[in-house]
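Inspection log for the structure reproduced underneath, given as structure tokens.
Number of protein chains: 2
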Amino acid sequence: MTVSRVINNSGHTSREARERVEAAIAKLGYVPNALARGLRFKQTQTIALVVTDITNPFFTTVARGVEDAASEQSFSVMFCNTDESQGEELEYLNVLVQKQTDGVLLVPASDSVESLTFLKSQATPVVVVDRRVSGFQVDTVRCDSEQGAYLLVRYLIELGHRRIAALMGPRAVSTAIDRSAGYQRALAEAGLDDGQHPVLHDSYSQKGGYRMAREVLSSSQLPTALFAGNNLIAVGVLRALREVGLRVPEDISVVAFDDIPESLVMDQFLTVMTQPAYEIGRRATELLLDRLCGEGPADVQEIVLPTELVVRKSAGPPRPLA
Amino acid sequence: MTVSRVINNSGHTSREARERVEAAIAKLGYVPNALARGLRFKQTQTIALVVTDITNPFFTTVARGVEDAASEQSFSVMFCNTDESQGEELEYLNVLVQKQTDGVLLVPASDSVESLTFLKSQATPVVVVDRRVSGFQVDTVRCDSEQGAYLLVRYLIELGHRRIAALMGPRAVSTAIDRSAGYQRALAEAGLDDGQHPVLHDSYSQKGGYRMAREVLSSSQLPTALFAGNNLIAVGVLRALREVGLRVPEDISVVAFDDIPESLVMDQFLTVMTQPAYEIGRRATELLLDRLCGEGPADVQEIVLPTELVVRKSAGPPRPLA
DNA sequence: CTGTTAGCGCCTTCAT
DNA sequence: ATGAAGGCGCTAACAG
Numbered sequence: 058m059t060v061s062r063v064i065n066n067s068g069h070t071s072r073e074a075r076e077r078v079e080a081a082i083a084k085l086g087y088v089p090n091a092l093a094r095g096l097r098f099k100q101t102q103t104i105a106l107v108v109t110d111i112t113n114p115f116f117t118t119v120a121r122g123v124e125d126a127a128s129e130q131s132f133s134v135m136f137c138n139t140d141e142s143q144g145e146e147l148e149y150l151n152v153l154v155q156k157q158t159d160g161v162l163l164v165p166a167s168d169s170v171e172s173l174t175f176l177k178s179q180a181t182p183v184v185v186v187d188r189r190v191s192g193f194q195v196d197t198v199r200c201d202s203e204q205g206a207y208l209l210v211r212y213l214i215e216l217g218h219r220r221i222a223a224l225m226g227p228r229a230v231s232t233a234i235d236r237s238a239g240y241q242r243a244l245a246e247a248g249l250d251d252g253q254h255p256v257l258h259d260s261y262s263q264k265g266g267y268r269m270a271r272e273v274l275s276s277s278q279l280p281t282a283l284f285a286g287n288n289l290i291a292v293g294v295l296r297a298l299r300e301v302g303l304r305v306p307e308d309i310s311v312v313a314f315d316d317i318p319e320s321l322v323m324d325q326f327l328t329v330m331t332q333p334a335y336e337i338g339r340r341a342t343e344l345l346l347d348r349l350c351g352e353g354p355a356d357v358q359e360i361v362l363p364t365e366l367v368v369r370k371s372a373g374p375p376r377p378l379a
Numbered sequence: 058m059t060v061s062r063v064i065n066n067s068g069h070t071s072r073e074a075r076e077r078v079e080a081a082i083a084k085l086g087y088v089p090n091a092l093a094r095g096l097r098f099k100q101t102q103t104i105a106l107v108v109t110d111i112t113n114p115f116f117t118t119v120a121r122g123v124e125d126a127a128s129e130q131s132f133s134v135m136f137c138n139t140d141e142s143q144g145e146e147l148e149y150l151n152v153l154v155q156k157q158t159d160g161v162l163l164v165p166a167s168d169s170v171e172s173l174t175f176l177k178s179q180a181t182p183v184v185v186v187d188r189r190v191s192g193f194q195v196d197t198v199r200c201d202s203e204q205g206a207y208l209l210v211r212y213l214i215e216l217g218h219r220r221i222a223a224l225m226g227p228r229a230v231s232t233a234i235d236r237s238a239g240y241q242r243a244l245a246e247a248g249l250d251d252g253q254h255p256v257l258h259d260s261y262s263q264k265g266g267y268r269m270a271r272e273v274l275s276s277s278q279l280p281t282a283l284f285a286g287n288n289l290i291a292v293g294v295l296r297a298l299r300e301v302g303l304r305v306p307e308d309i310s311v312v313a314f315d316d317i318p319e320s321l322v323m324d325q326f327l328t329v330m331t332q333p334a335y336e337i338g339r340r341a342t343e344l345l346l347d348r349l350c351g352e353g354p355a356d357v358q359e360i361v362l363p364t365e366l367v368v369r370k371s372a373g374p375p376r377p378l379a
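So the protein sequences, as listed, match chains A and B.
Under our numbering, think of the first position of the first sequence as 58, with each following residue one higher.
Under our numbering, think of the first position of the second sequence as 58, with each following residue one higher.
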């Protein structure tokens, strides 16, 4: 029809016809069907963000960056929560492929290659966000967890701490692995790697942090500082410490990866290694959309954004032994 | 084709044919095209959640409830941030209609009827979430902001406060209107409505709260208590108070609508009127999906969920005059 | 400048 | 039990 030409401003149409069509469109409230269009073009102008839990403010902020960058280029975003489950992740990816999602931003639930091979087999572009996947060449946007943790723990060591516990996220998740590695490196460099330093793993949640803190506190030899694997863990840790009556930083120091958004907390108390969450979302989306247009660099990109040490009040020199 | 029958388990197929098809599917990694299916059935199994800002933990939690309820019934969810802009809202709704979204969960940016009439003209089911829209019969899931505010302010009055400032969200937003009304009712009931009580409006954000608090603090006659219109406002308020050196609750009391998720904050300090955010998302989604199946009650539903007063540490008796 | 044809991938209907 | 036809709404390519 001439209608199509009018709507897309393509080809030539007489003024008279164009006006008649526009009038009809207005009168009928006609809205073009993007499904049919997508069917023809094999392009839906939709991408997906698959995260483990949108409730974590880090991912919320990433999501906001994604949404902003996507809508700038007229893309819509679908959100999926996997709850760190590889099974859920695969199920979502399947649905997304069925729905002809143009591309996926994936925070992988585990270090498995399965999801990525599936997407590859379906020719669906992916950008991996926040985490690494070993044994697979994919575009990735993340921070350097190893280096960040290293610097954070070195900061503790410089304050004088000699016994530091690491309260990390799930053992299978790359960020937890890398942060542990950075922690170990800092210890080793200071000649403190006696194999006695407690490294615990639990979920990236307030509850996980609470449980790990309680466990560390029940051990015979208390550390003078705790390194929390992320923001939620830190909150659980602080709660446990308060329950036991330990003051921070007087009795024990605490540092963490990931900040808590300043809009949510009245006193910025925690000393942290922040990641530019919004920027991560933005950059990942821009890279993905570049890929969709066939633009962008030819080779696989591994974009590593800088972290930043933000010194606040939760860490100080170790308490002198009584 | 027979293929379709196999995939949908419909009609009769011989075992032999079925097996041959299944083998081919596995070998080719075939995934059915939901676009084409949607085109035929006029059903995409996708709904949308349009909020003002996913970064606000209240909406994040709502979103989580939505996602969980939707995926239970095999629906996917698209997310859109309007930033309280009616224009953005309409633009998103247009895109959503184009994409044949089956239904919309809408947190209206303003009290305008425009978005709802548009959706109605397109026969797209909506459930309004969190806010009211006047002059339009729509399914709604929200809390009673008026009553919640009334109880919260009454609590302050019972503590002995006689001069209470209200630091509210945008003047055009129903929750801000209702919370102001509840505040006024509590004052009136206590015979305190002398028209002198400060009621300010700004954005539902930490910055807005900060600005309003600074303004109130610069007035000649200080209130003894502040009522913050939501959680983010409360954070800004507390920050402003701290800056000025006022202690809470010793020097001044603060209460707020909306909690901050306990996973994010180490000391639950703020006395608040909480809303069951997750439940709001869940119920709204269930209602919407019922509508889509043609189930559910015939008449327009207005589901009002209970709020709960959570007394913590940020409010106490007014400070005796020096 | 405008209309026709054809096909994107699916499924309902009807025939075989 | 299976295949063929046709149409959901759209547009590229080709008539007219």
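Just so it is clear, CB atoms sit at the ideal spot from N, CA and C, and this is done for glycine as well.
Keep in mind that this is a model prediction, so the values were computed, not measured.
Chain B beta carbons: is any one of them nearer than 8 Å to that of A:SER61? Position 4 of the first sequence holds residue 61 of chain A. It does not: the Cβ of A:SER61 has no partner Cβ on chain B nearer than 8 Å.
Let me see if you follow: with CB-CB separation under 8 Å, is A:GLU124 close to chain B or not? Translated into the one-based positions of the first sequence, residue 124 of chain A becomes position 67. So yes, A:GLU124 belongs to the interface.
Taking a contact to mean a Cβ-Cβ separation below 8 Å, would you say B:GLY353 touches A:SER178 in this structure? If you number the second sequence from 1, residue 353 of chain B lands on position 296. If you number the first sequence from 1, residue 178 of chain A lands on position 121. The answer is no: Cβ separation not under 8 Å.
Distance, Cα to Cα, A:VAL154 vs B:ILE337? Position 97 of the first sequence, counting from 1, holds the residue named residue 154 of chain A. Position 280 of the second sequence, counting from 1, holds the residue named residue 337 of chain B. Distance between the alpha carbons of A:VAL154 and B:ILE337 is about 30 Å.
Assign B:ALA127 to one of two classes, buried (16 or more other C-beta atoms within 10 Å of its C-beta) or exposed (fewer than that). Counted from its first residue, the second sequence places residue 127 of chain B at position 70. Buried: at least 16 other Cβ atoms inside 10 Å.
Proximal residues to A:ILE386 (C-beta, below 7 Å), its chain only, five neighbours per side dropped: Lying before the first or after the last residue shown, residue 386 of chain A is absent from chain A, which here runs from 58 to 379.
Is the region 315 to 326 of chain B touching the region 365 to 373 of chain B in the sense that three or more CB pairs, one from each, lie closer than 8 Å? yes
Among the residues of its own chain, which have a CB less than 8 Å from the CB of B:LYS264, if the five just before and after it don't count? In the second sequence, the residue the question calls residue 264 of chain B occupies position 207. Here the set comprises GLY293.
Grab the span of the alpha helix (DSSP H) containing B:MET323 for me, first residue to last. Position 266 of the second sequence holds residue 323 of chain B. Looking at the DSSP string, B:MET323 is not in any alpha helix (DSSP H), and its letter there is neither H nor E.
Contact criterion: CB-CB distance below 8 Å. Does A:LEU289 meet it with respect to chain B? In the first sequence, counting from the first residue as 1, residue 289 of chain A sits at position 232. Judged by the 8 Å Cβ criterion, A:LEU289 is in contact with chain B.
So the candidates are B:ILE317, B:VAL108, B:VAL78 and B:ARG121; which of them puts its Cα closest to the Cα of A:THR112? The residue you call residue 112 of chain A lines up with position 55 of the first sequence. Among B:ILE317, B:VAL108, B:VAL78 and B:ARG121, the Cα nearest to that of A:THR112 belongs to B:ARG121.
Pull the bridge partners of A:CYS200 from the DSSP assignment, please. Counting from 1 along the first sequence, the entry for residue 200 of chain A is found at position 143. Paired residue(s): A:LEU362.
In whole angstroms, what separates the C-alpha of B:ALA91 from that of A:THR103? As a working note, residue 91 of chain B is residue 34 in the second sequence. As a working note, residue 103 of chain A is residue 46 in the first sequence. For B:ALA91 and A:THR103, the distance between alpha carbons rounds to 14 Å.
So, with DSSP's three-state summary, where would you put A:ASN288? Position 231 of the first sequence, counted from the start, is the residue given in the question as residue 288 of chain A. DSSP places A:ASN288 in helix when its eight states are reduced to three.
Closer than 9 Å by beta-carbon distance: list the chain A residues that pair up with B:PRO182, in chain order. As a working note, residue 182 of chain B is residue 125 in the second sequence. Chain A residues near B:PRO182: none, gap ~16 Å exceeds 9 Å.
CB-CB under 7 Å to B:ARG188, same chain, minus the five flanking residues each way: which ones, in chain order? Reading the second sequence from its first residue, position 131 is the one you call residue 188 of chain B. Hits under 7 Å: VAL164, PRO165, ARG199, VAL230, SER231 and THR232.
Whose C-alpha, out of A:GLU79, A:GLY144 and A:GLN130, is nearest the C-alpha of A:LEU346? Taking the first residue of the first sequence as 1, we reach residue 346 of chain A at position 289. Ranking A:GLU79, A:GLY144 and A:GLN130 by Cα distance to A:LEU346 puts A:GLN130 first.
Need the endpoints of the beta strand (DSSP E) that B:LEU106 sits in, please. Here residue 106 of chain B refers to the residue found at position 49 when the second sequence is read from its first residue. It spans 103 to 108 - the beta strand (DSSP E) in which B:LEU106 sits, taken as one unbroken run.
Could you pull out every residue in the same chain whose Cβ sits closer than 7 Å to the Cβ of A:GLU145, ignoring the five residues on either side in sequence? Here residue 145 of chain A refers to the residue found at position 88 of the first sequence. Excluding residues within five positions, the ones whose Cβ falls inside 7 Å are THR139.
Roughly how many angstroms lie between the CA atoms of A:PHE116 and B:ARG72, to the nearest whole one? Locating residue 116 of chain A in the first sequence gives position 59, counting from the first residue. Locating residue 72 of chain B in the second sequence gives position 15, counting from the first residue. For A:PHE116 and B:ARG72, the distance between alpha carbons rounds to 47 Å.
Distance cutoff 8 Å, beta carbons only. Does A:GLY86 sit that close to anything in chain B? The residue given as residue 86 of chain A occupies position 29 in the first sequence. So yes, A:GLY86 belongs to the interface.
How far does the beta strand (DSSP E) with A:GLY160 in it extend, from its first residue to its last? Along the first sequence, read from residue 1 onward, the residue named residue 160 of chain A stands at position 103. Per DSSP, A:GLY160 belongs to the beta strand (DSSP E) from 160 to 163.
Is the Cβ of B:GLY95 closer than 8 Å to any Cβ of chain A? Here the question's residue 95 of chain B lines up with position 38 in the second sequence. So yes, B:GLY95 belongs to the interface.
Would you kindly report the start and end of the unbroken beta strand (DSSP E) that includes B:PHE314? Locating residue 314 of chain B in the second sequence gives position 257, counting from the first residue. Element bounds for B:PHE314: 310 to 314.
Give the interface partners of B:MET225 over in chain A, defined as CB-CB distance under 9 Å, in chain order. Within the second sequence, numbered from 1, the residue matching residue 225 of chain B stands at position 168. Simply none; closest approach about 17 Å.
Which parts of the region 107 to 155 of chain B are runs of the beta strand (DSSP E), unbroken and 3 residues or longer, counting only runs that do not cross its ends? 133 to 138
With 8 Å as the threshold, decide whether the Cβ of A:LYS156 is near any Cβ in chain B. Along the first sequence, read from residue 1 onward, the residue named residue 156 of chain A stands at position 99. Yes, A:LYS156 counts as interfacial toward chain B.
Any beta carbon from chain A within less than 8 Å of B:PHE193's own beta carbon? The residue labelled residue 193 of chain B in the question sits at position 136 within the second sequence. B:PHE193 does not count as touching chain A.
Would A:GLN383 be called buried (16 or more neighbouring beta carbons within 10 Å of its own) or exposed? A question about residue 383 of chain A goes unanswered here, because the residues of chain A that appear run from 58 up to 379.
Give the residues of chain A in contact with B:THR117, contact being defined as C-beta atoms less than 7 Å apart. On the second sequence, residue 117 of chain B is found 60 positions in, with the first residue counted as 1. Residues of chain A passing the Cβ test: ILE111, THR112 and THR117.
Compute the Euclidean distance between the alpha carbons of B:ASP235 and B:GLU203, then round it to the nearest angstrom. Counting from 1 along the second sequence, the entry for residue 235 of chain B is found at position 178. Counting from 1 along the second sequence, the entry for residue 203 of chain B is found at position 146. Cα to Cα, B:ASP235 sits roughly 5 Å from B:GLU203.
Those runs of the beta strand (DSSP E) which lie wholly inside the region 165 to 199 of chain B and span at least 3 residues: 183 to 186
Where do the N-terminal and C-terminal ends of the beta strand (DSSP E) with A:ALA222 fall, by residue? Start at 1 with the first residue of the first sequence, and residue 222 of chain A comes out as number 165. Residues 221 to 225.
Minimum C-alpha distance to B:ARG211 - residue among B:ALA80, B:LEU366 and B:PRO377: Residue 211 of chain B sits at position 154 when you count from the first residue of the second sequence. For B:ARG211, the nearest C-alpha among the options comes from B:LEU366.
Terminal residues of the beta strand (DSSP E) in which B:THR328 lies: In the second sequence, counting from the first residue as 1, residue 328 of chain B sits at position 271. 328 to 331 is the span of the beta strand (DSSP E), which, as asked, contains B:THR328.
Whose Cβ in chain B lies nearer than 8 Å to the Cβ of A:ASN66? Looking up residue 66 of chain A in the first sequence gives position 9. What A:ASN66 touches in chain B: nothing, since even the nearest Cβ is about 16 Å away.
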